[in-house]
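Residue numbers (the working numbering): 4 to 159.
Where is the CB? At the ideal position from N, CA and C, for every residue including glycine.
Quick notes on the structure that follows.
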């Protein structure tokens, strides 16, 4: 039986360790771009992104993000709805030197927009099978049952 709670915990930890996703509007796959997720540990219902007002993503709407952990032990695809974050407090919370490097006029840059992705459905895969399962795989044993235990479809 899949431990969905454990998979979600592993997903959030992996995303915190390497907060890079590929984000696209559901209506136009050509809008897919790499983005850096801004996370709030107390808000597991949303993810934020700094963007440009002139970008296709600034229009908001239904989006899908794909994620691969830096150690390739966790993969995810999740959807949600993107909209402009009106809270100046959120912008201040996530602002820092790495963000500032992309906006020459700082927080007053007219192109700067903070986008909030309200999270929906997710599909999570844990590829860290452990030593015994890896050995079984290398010897050609059937891995389908083990793989089912490392996958979940859930709400984030």
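In terms of alpha-carbon separation, which member of the options lies closest to residue i?
i, options, result
"residue 86", "52, 78, 45 and 9", "52"
"residue 81", "6, 18 and 9", "18"
"residue 57", "122, 116 and 121", "116"
"residue 73", "155, 33, 130 and 32", "130"
"residue 113", "159, 99 and 61", "61"
"residue 55", "126, 158 and 105", "105"
"residue 90", "10, 6 and 118", "118"
"residue 159", "31, 36 and 68", "68"
"residue 126", "102, 20, 155 and 107", "155"
"residue 22", "107, 6 and 50", "50"
"residue 101", "29, 41 and 30", "41"
Answer with buried or exposed for residue i, where buried requires no fewer than 16 other C-beta atoms within 10 angstroms of its C-beta.
i, result
"residue 83", "buried"
"residue 109", "exposed"
"residue 137", "In this predicted model, residue 137 has a pLDDT of only 48, less than 50, meaning its place in the structure is not dependable; the value taken from the coordinates is given anyway. With fewer than 16 Cβ atoms within 10 Å of its Cβ, residue 137 is classed as exposed."
"residue 64", "exposed"
"residue 8", "exposed"
"residue 88", "buried"
"residue 120", "buried"
"residue 13", "buried"
"residue 111", "exposed"
"residue 134", "Interpretation of residue 134 is limited by its pLDDT of 47, a score under 50 that renders its predicted location unreliable; no figure is taken from the coordinates."
"residue 46", "exposed"
Less than 8 Å between the CB atoms is what I'm expecting for residue i and residue j, so what's the real figure, rounded?
i, j, result
"residue 128", "residue 78", "4 Å"
"residue 122", "residue 48", "6 Å"
"residue 34", "residue 59", "4 Å"
"residue 24", "residue 70", "5 Å"
"residue 27", "residue 66", "6 Å"
"residue 11", "residue 157", "6 Å"
Shorter than 7 Å, the distance from the beta carbon of residue i to the closest heavy atom of the ligand FAD, or not?
i, result
"residue 22", "No copy of the ligand FAD occurs in the structure displayed, which carries no ligand at all."
| Inside the segment 46-125 only - alpha helix (DSSP H) runs reaching at least 4 residues | As for any alpha helix (DSSP H) of minimum length 4 sitting wholly inside the segment 46-125, the runs are 91-97 and 100-103, ordered along the chain.
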